[in-house]
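Structure first, then comments.
Protein chains in written order, with my numbering: chain W, 87 to 619; chain L, 41 to 138.
Written as structure tokens, this is what we have:
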């Protein structure tokens, strides 16, 4: 390949990489953690104050009592088949609308058969990490953060193509070479190349799907505008908004719906192998009886992060809408669902989730190593042209390359641990988790900027190790001994303990390097001390 | 094909062409796909969704390869020409299908 092409694309790769790299680190680190959103939610959620859920056969008794005492639940209530700390009751309902959700209520039956209702919410820390992932860590409104994320996703796509073009000429020579030795830049480059190339399909998938997640509304609007050119306009009149809310339906009407156990049986007959998780019973004057079902099937990828969706007739149990249900889709819908599934890694069960977790962490490391390479190559040029001091740009970027990733790691760990310590009755737990994350994150970034890359590198790695160790420590100290243990919560603790140990090892290595490493490196603490002295 | 070496200097001319004209080209191509395969008036059919999903790979390819153009002016000219062809194709097919 012509060298001028490679040179051009090397420039492109460096610049898009340096602009998008830190945001992508946050997206990938947080994204790797969302692979275990459900275990994390279970770990973080407080023990319910409700009595154990009634069996499915006894659920009609609970439903009758809920509907009699809480008419607002008659229009829509949910029956859950998978119950744990993250979903603490057999029956739940919510006030408000889909756009403006109100309070969610959970109900159970006391041993004497009386109705118990709780508004104690499961932890929202997993959603916070999901939002950090979706918005590449930006603390803005969704509408503002998403286009920025989309722009970063487009840069990411350019970075992938330009990186491959740079690598192509020396592919055979460099691919299996991992030259650990005197030349540290060579080693980092080899590592960056091998990681990037072997996870290339994963990165292509992530870039293309993220562009869609960011811009789907804009794409749809533009396409609809084109399709409407010259077409006869059909005026669609929706139901008048803002009218008086529909009165709750009469109890006698709702009795036409099948009891949950029978409905579950009939759905199972139509979809063998489908693991049903939630059924909603809904009724309004316009649509009559209907319901939504949620669940998964490890043999298929699904449309949501962890579940597929469908509609049933709650009087007959017939599935009326299966376009988003695993195994019920036509080829076109199955193809669309597969795009979601390859982003969420929700097919094939645990092995795929673990692979996505590893690929996500490897991706985060890829962006970190890219930043290091940018700094290293700029440093060299400066030395050749005679400059002794590193430029301010190199110093600041060096500090951010340390502060942003480690701030993100420490912030996520602390806010997860805080789930066990924040009082359960606190108003707006979600915003508390958000505040804690951004406080730790900002502190780490400021620390890195103030102390410089070399010294803060080791210090912030220790901080990240300590913050991550807080997760298993929080398990041991909070809530006392009544806490039910499960594989899911053990998984969270083991992964956190392993992460903390890894960060501590890295901290020791970074400390060694800042003392013993080459003095002209930006990672050397000896030189910067000499400069200030 | 060229005696002039490719550089990254005129990146803004090329990238802006790929952002603006690349997007309209993507729109023409994906709407052509929808016109060919989508049935019914709802734009949210599976085929309609597929047309929306195709926007991402097409636009990303244009953005990634636009730096092969030798100058910003070339990028704008070629992409404008491609737009003209793609939009003619789209309206032609719509005429035929109706």
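Backbone N, C-alpha and C fix where the C-beta goes; we use that ideal spot for every residue, glycine too. On a predicted model such as this, the values are computed, not experimentally measured, just so you know.
Problem set entry | Cβ neighbour criterion (16 or more within 10 Å) applied to residue 135 of chain L | Here residue 135 of chain L is taken as the residue at index 95 of the second chain, counted from 1. Here residue 135 of chain L is exposed, its C-beta having fewer than 16 other C-beta atoms within 10 Å.
For this session: Would you kindly work out how many angstroms separate the C-alpha atoms of residue 46 of chain L and residue 111 of chain L, rounded to a whole number?
Result: Within the second chain, the letter at position 6 stands for residue 46 of chain L. Within the second chain, the letter at position 71 stands for residue 111 of chain L. Taking the straight line from one Cα to the other gives about 9 Å.
Problem set entry | Length-filtered (4 minimum) alpha helix (DSSP H) runs lying within the segment 134–174 of chain W | Here the runs fully enclosed are 145–155.
Exercise. Whose C-alpha, out of W:600, W:371, W:252 and W:392, is nearest the C-alpha of residue 426 of chain W?
Worked result: Here residue 426 of chain W refers to the residue found at position 340 of the first chain. Nearest option by C-alpha distance: W:392.
Problem set entry | Close-in-space but distant-in-sequence residues of the same chain around residue 684 of chain W (CB under 7 Å, 5 per side omitted) | This structure cannot speak to residue 684 of chain W, because chain W is shown only from 87 to 619.
For this session: Buried or exposed for residue 454 of chain W, please, with buried defined as at least 16 other CB atoms from any protein chain shown within 10 angstroms of its CB.
Result: Residue 454 of chain W sits at position 368 when you count from the first residue of the first chain. Its Cβ being crowded by 16 or more others within 10 Å, residue 454 of chain W is buried.
For this session: Enumerate in chain order the residues of its own chain whose CB-to-CB distance from residue 383 of chain W is below 7 Å, with the five nearest sequence positions on each side excluded.
Result: Counting from one through the first chain, the residue named residue 383 of chain W turns up at place 297. Result list for residue 383 of chain W: 359, 360, 361, 412 and 413, in chain order.
For this session: Return the first residue and the last residue of the beta strand (DSSP E) that residue 380 of chain W is part of.
Result: Residue numbering aside, residue 380 of chain W sits at position 294 when the first chain is read from its first letter. That run of the beta strand (DSSP E) goes 374–382.
For this session: Report the rounded CA-to-CA distance for residue 342 of chain W versus residue 399 of chain W, giving the unit in angstroms.
Result: As a working mapping, residue 342 of chain W is identified with position 256 in the first chain. As a working mapping, residue 399 of chain W is identified with position 313 in the first chain. Using only the alpha carbons, I get a separation of about 11 Å.
Problem set entry | Three or more C-beta pairs below 8 Å linking the segment 156–175 of chain W and the segment 540–549 of chain W | As far as the Cβ criterion goes, the segment 156–175 of chain W does not touch the segment 540–549 of chain W, which means the pair count is below three.
For this session: Since I believe residue 148 of chain W is in contact with residue 193 of chain W (beta carbons under 8 Å), could you give me their beta-carbon distance rounded to a whole number of angstroms?
Result: Translated into the one-based positions of the first chain, residue 193 of chain W becomes position 107. Translated into the one-based positions of the first chain, residue 148 of chain W becomes position 62. That belief holds up - the Cβ atoms of residue 193 of chain W and residue 148 of chain W are roughly 6 Å apart, short of 8 Å.
For this session: For chain W, find out if any of its Cβ atoms is closer than 7 Å to the Cβ of residue 114 of chain L; answer yes or no.
Result: Translated into positions along the second chain, residue 114 of chain L becomes position 74. Answer no: the Cβ-Cβ gap between residue 114 of chain L and chain W never drops below 7 Å.
Exercise. Going by C-alpha distance, which of W:387, W:334 and W:517 is nearest residue 368 of chain W?
Worked result: What you label residue 368 of chain W is simply residue 282 of the first chain in a count that begins at 1. Among W:387, W:334 and W:517, the Cα nearest to that of residue 368 of chain W belongs to W:334.
Exercise. So, are the CB atoms of residue 305 of chain W and residue 445 of chain W less than 7 Å apart?
Worked result: The residue labelled residue 305 of chain W in the question sits at position 219 within the first chain. The residue labelled residue 445 of chain W in the question sits at position 359 within the first chain. No, the Cβ-Cβ distance between residue 305 of chain W and residue 445 of chain W is not below 7 Å.
Problem set entry | Environment of residue 514 of chain W [buried if 16+ CB atoms lie within 10 Å] | Working through the first chain from its first residue, we reach residue 514 of chain W at position 428. With fewer than 16 Cβ atoms within 10 Å of its Cβ, residue 514 of chain W is classed as exposed.
Exercise. Across which residues does DSSP place residue 179 of chain W in a beta bridge pair?
Worked result: Position 93 of the first chain, counted from the first residue, corresponds to residue 179 of chain W. Answer is W:191, bridged to residue 179 of chain W.
Problem set entry | chain L contacts from the segment 205–223 of chain W (Cβ-Cβ distance under 9 Å) | Under the 9 Å Cβ criterion, the segment 205–223 of chain W contributes no residue.
Problem set entry | Environment of residue 99 of chain L [buried if 16+ CB atoms lie within 10 Å] | On the second chain, position 59 is the one that residue 99 of chain L refers to. Buried, because 16 or more other Cβ atoms sit within 10 Å of the Cβ of residue 99 of chain L.
Exercise. On the three-state DSSP scale, how would you describe residue 76 of chain L?
Worked result: The residue given as residue 76 of chain L occupies position 36 in the second chain. In the structure shown, residue 76 of chain L falls within a helical segment according to DSSP collapsed to helix, strand and coil.
Exercise. Looking at the C-beta of residue 304 of chain W, does it have a partner C-beta in chain L at a distance below 7 Å?
Worked result: If you number the first chain from 1, residue 304 of chain W lands on position 218. It does not; no Cβ of chain L falls within 7 Å.
Problem set entry | Contact between the segment 247–255 of chain W and the segment 92–105 of chain W (3+ Cβ pairs under 8 Å) | With a cut-off of 8 Å on Cβ pairs, the segment 247–255 of chain W is in contact with the segment 92–105 of chain W, counting three or more such pairs.
Exercise. Could one say the Cβ of residue 97 of chain W lies closer than 7 Å to chain L's Cβ atoms, at least one of them?
Worked result: Position 11 of the first chain holds residue 97 of chain W. It does; some Cβ of chain L falls within 7 Å.
Exercise. For residue 410 of chain W, does the three-state DSSP call read helix, strand or coil?
Worked result: Taking the first chain and counting its residues from 1, the one referred to as residue 410 of chain W is at position 324. The answer is coil: DSSP assigns residue 410 of chain W none of H, G, I, E or B.
Exercise. For residue 105 of chain W, which option in W:238, W:123 and W:190 has the closest C-alpha, if you only look at C-alpha atoms?
Worked result: For the purposes of this step, residue 105 of chain W is identified with residue 19 of the first chain, where counting begins at 1. That would be W:238, whose Cα lies nearest to the Cα of residue 105 of chain W.
For this session: Quick one: list the residues of chain W neighbouring residue 128 of chain L, beta-carbon separation under 7 Å, in chain order.
Result: The residue given as residue 128 of chain L occupies position 88 in the second chain. Ordered by position in chain W, no residue passes the 7 Å Cβ test against residue 128 of chain L, which lies about 14 Å from the chain.
For this session: Under 7 Å Cβ to Cβ from residue 233 of chain W, same chain only, skipping five residues before and after it: list those, please.
Result: Taking the first chain and counting its residues from 1, one reaches residue 233 of chain W at position 147. Once the five neighbours on either side are set aside, the close Cβ partners of residue 233 of chain W are 300.
For this session: Please work out which residues of its chain come closer than 6 Å, Cβ to Cβ, to residue 281 of chain W, disregarding the five sequence neighbours upstream and downstream, and give them in chain order.
Result: Reading the first chain from its first residue, position 195 is the one you call residue 281 of chain W. Within the same chain, residue 281 of chain W has close Cβ partners 448 and 452.
Problem set entry | CB contact flag (residue 428 of chain W, residue 291 of chain W, <7 Å) | Within the first chain, residue 428 of chain W is the residue found at index 342, counting from 1. Within the first chain, residue 291 of chain W is the residue found at index 205, counting from 1. Yes.
For this session: Note down, in chain order, each residue of its chain lying with its Cβ closer than 7 Å to the Cβ of residue 442 of chain W, except the 5 sequence neighbours on either side.
Result: On the first chain, residue 442 of chain W is found 356 positions in, with the first residue counted as 1. Same-chain partners within the cutoff: 121 and 431.
Problem set entry | Whole-angstrom distance between residue 298 of chain W and residue 236 of chain W, CA atom to CA atom | Within the first chain, residue 236 of chain W is the residue found at index 150, counting from 1. Within the first chain, residue 298 of chain W is the residue found at index 212, counting from 1. Spanning the two alpha carbons is a distance of roughly 8 Å.
For this session: Indicate whether at least one CB of chain L lies closer than 7 Å to the CB of residue 254 of chain W.
Result: Residue 254 of chain W sits at position 168 when you count from the first residue of the first chain. When Cβ-Cβ separations below 7 Å define contact, residue 254 of chain W makes no contact with chain L.
For this session: Could you work out which residue in L:70, L:106, L:115 and L:132 is closest to residue 92 of chain L when comparing CA atoms only?
Result: Translated into the one-based positions of the second chain, residue 92 of chain L becomes position 52. Residue L:70 is the option with its Cα nearest to residue 92 of chain L.
For this session: Helix, strand or coil for residue 41 of chain L, going by three-state DSSP, please let me know.
Result: Mapped onto the second chain, residue 41 of chain L falls at position 1. The pLDDT assigned to residue 41 of chain L is 44, lower than 50, so where the model puts this residue is not dependable, and the model offers no usable value.
Exercise. So which residues on chain W does residue 124 of chain L lean against when the C-beta distance must stay under 9 Å?
Worked result: Counted from its first residue, the second chain places residue 124 of chain L at position 84. Ordered by position in chain W, no residue passes the 9 Å Cβ test against residue 124 of chain L, which lies about 15 Å from the chain.
Problem set entry | Closest by C-alpha distance to residue 88 of chain L, when choosing among W:490, W:278, W:421 and W:498 | If you number the second chain from 1, residue 88 of chain L lands on position 48. When each option's Cα is compared against that of residue 88 of chain L, the closest is W:421.
For this session: Select from the segment 276–295 of chain W all residues with a C-beta closer than 8 Å to any C-beta belonging to chain L, and list them in chain order.
Result: Correct list: 293, 294 and 295.
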